[in-house]
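First comes the structure, then the notes that go with it.
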Amino acid sequence: MGTAVAAERVRLDEARLEQVKAKFLELLEMDRSSPEFMERYREVDAALDELAFQAPPMS
303 MGTAVAAERV
313 RLDEARLEQV
323 KAKFLELLEM
333 DRSSPEFMER
343 YREVDAALDE
353 LAFQAPPMS
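Last residue of the sequence shown: 361 in this note's numbering, with the numbers rising by one and none dropped.
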């Protein structure tokens with residue numbers, strides 16, 4: 303992978319992380335008994351799984 307491609311991927315990953323962070327913060331302010339909460343929870347959970355899968359393994 304070239305340096306420019308790698309740098310672009312990092313920017314995309316950072317942008318995705320910011321999106322997930324925003325959704326997570328919204329989740330904290332929601333009524334936990336609402337259907338919207340469960341929907342947002344599933345979105346955040348799936349996004350975190352996706353980001354964790356993309357992360358390099360820890361040594």
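Where is the CB? At the ideal position from N, CA and C, for every residue including glycine.
Distance, residue 349 Cα to residue 335 Cα: 21 Å
Sequence-distant residues of the same chain with beta carbon closer than 7 Å to residue 345, five excluded per side: 325
For residue 337 and residue 343, I'd like the C-alpha separation in whole angstroms. 10 Å
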